[in-house]
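A.B. asks: Below are the structure tokens for one structure; questions will follow.
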Amino acid sequence: MLQQPELARRWLSFVLSRHETNDEILATLKALVPKREYGAVVEDLLWRAALRIDEPSFERVAATIPRGGALDSRVSRLRPLAQGKAGEMIGRLRDDTLEEPFQVLRFVRLLLEHLEAEEADVRRASVPLLRQVLEVLDTVGAAGTGRNAQVRVADELSARVHSVLEGLGQPAQLTRRYSSSLVGAHRPSTEVSMACRNRSLSLHSQRCRSRTSCPAIR
30 MLQQPELARR WLSFVLSRHE TNDEILATLK ALVPKREYGA VVEDLLWRAA
80 LRIDEPSFER VAATIPRGGA LDSRVSRLRP LAQGKAGEMI GRLRDDTLEE
130 PFQVLRFVRL LLEHLEAEEA DVRRASVPLL RQVLEVLDTV GAAGTGRNAQ
180 VRVADELSAR VHSVLEGLGQ PAQLTRRYSS SLVGAHRPST EVSMACRNRS
230 LSLHSQRCRS RTSCPAIR
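The sequence shown runs contiguously to residue 247 in our numbering.
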């Protein structure tokens with residue numbers, strides 16, 4: 030069960046994510062949010078901006094993050110997604126599967142945690158991305174041996190991706206490697222670049238219709 034501080038942080042992140050992040054909001058957060066909670070709130074804002082292809086908000090938040098830390102590394106991985114270039118992000122993850130498999134798996138876990146907390150329209154727009162994530166997980170799992178931790182985590186995350194896709198009415202095809210354990214990776218039949226372009230246009234249109242300015246926190 031989530032503790033009260035965690036619930037409060039998530040609620041604050043949710044409210045702030047409804048609006049484009051500006052310098053005034055960031056300054057207010059830095060002044061009022063306890064230091065131990067500030068990093069978590071900032072990361073929530075980063076993920077929400079990236080998943081909604083809100084590059085201006087993403088870059089404003091990213092500019093406040095100290096260089097060289099784990100969060101800075103995730104910023105680099107997330108930036109293409111915020112720019113509407115999900116295929117580029119997937120390509121970088123795929124390139125890292127052999128040298129940094131557990132970092133890739135951690136990144137995918139965070140991606141799923143934040144996407145599962147998003148509204149239905151954002152999850153639906155992310156279907157092409159999720160199918161590409163399955164392909165990455167297939168690569169990571171295939172590089173493992175037997176039932177080691179790498180394989181187990183890849184299988185667990187694949188099952189979660191399938192659950193999200195099925196919940197959206199977009200079940201993915203199981204590959205031979207995962208079919209025996211009832212989890213799998215999907216080989217997409219459509220070009221990810223076109224799917225991501227359509228996703229970017231759809232979310233941009235929704236933002237333009239619904240965005241309002243966010244007053245500073247009093």
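Ideal Cβ positions, reconstructed from N, Cα and C, are used throughout, including at glycine.
(1) Assuming K64 is part of the alpha helix (DSSP H), what are its boundary residues?
(2) Can you tell me whether DSSP reads A60 as helix, strand or coil?
(3) Mapping DSSP to helix, strand and coil, what is A171?
(4) Note down, in chain order, each residue of its chain lying with its Cβ closer than 8 Å to the Cβ of D101, except the 5 sequence neighbours on either side.
(5) At which residues does the alpha helix (DSSP H) containing D150 begin and terminate?
(6) Output the distance between the C-alpha atoms of L126 and F136, rounded to the nearest integer angstrom.
(7) Exposed or buried, which one is P63 when buried takes at least 16 other CB atoms within 10 Å?
(8) Report the three-state DSSP secondary structure of Q179 (helix, strand or coil).
(9) Output the distance between the C-alpha atoms of D73 and I54, rounded to the nearest integer angstrom.
(10) Which residues in the same chain as S86 place their Cβ atom closer than 6 Å to its Cβ, once the five residues preceding and following it in sequence are excluded?
(11) Near V165, what residues of its chain come up, given a Cβ to Cβ distance below 6 Å and the 5 sequence neighbours on each side ignored?
(12) Assign D52 to one of two classes, buried (16 or more other C-beta atoms within 10 Å of its C-beta) or exposed (fewer than that).
(13) Could you have a look at D101 and say whether DSSP puts it in helix, strand or coil?
(14) Identify, in the order they occur along the chain, each residue of the same chain with its Cβ nearer than 8 Å to the Cβ of V71, setting aside the five sequence neighbours on each side.
(15) Q199 by DSSP, collapsed to three states: which one?
(16) Considering only residues of the same chain and omitting the five flanking positions on each side of L107, which have a CB-CB separation below 6 Å?
(17) Indicate the three-state DSSP secondary structure (helix, strand or coil) for D83 in the structure shown.
(18) DSSP three-state label for L141, please.
(19) Quick check: the Cα distance between S105 and R189, rounded to an integer number of angstroms?
(20) Between which two residues does the alpha helix (DSSP H) harbouring L122 extend?
C.D. replies: Working from what's here:
(1) 64-80
(2) helix
(3) helix
(4) I94, P95
(5) 149-154
(6) Looking at the sequence provided, one finds Thr at residue 126 rather than Leu. Each residue's Cα considered, the two are about 11 Å apart.
(7) exposed
(8) helix
(9) 14 Å
(10) E49, T50, A78
(11) L122, R123
(12) exposed
(13) helix
(14) L58, V90, T93, I94, L100
(15) coil
(16) A79
(17) coil
(18) helix
(19) 24 Å
(20) 115-125
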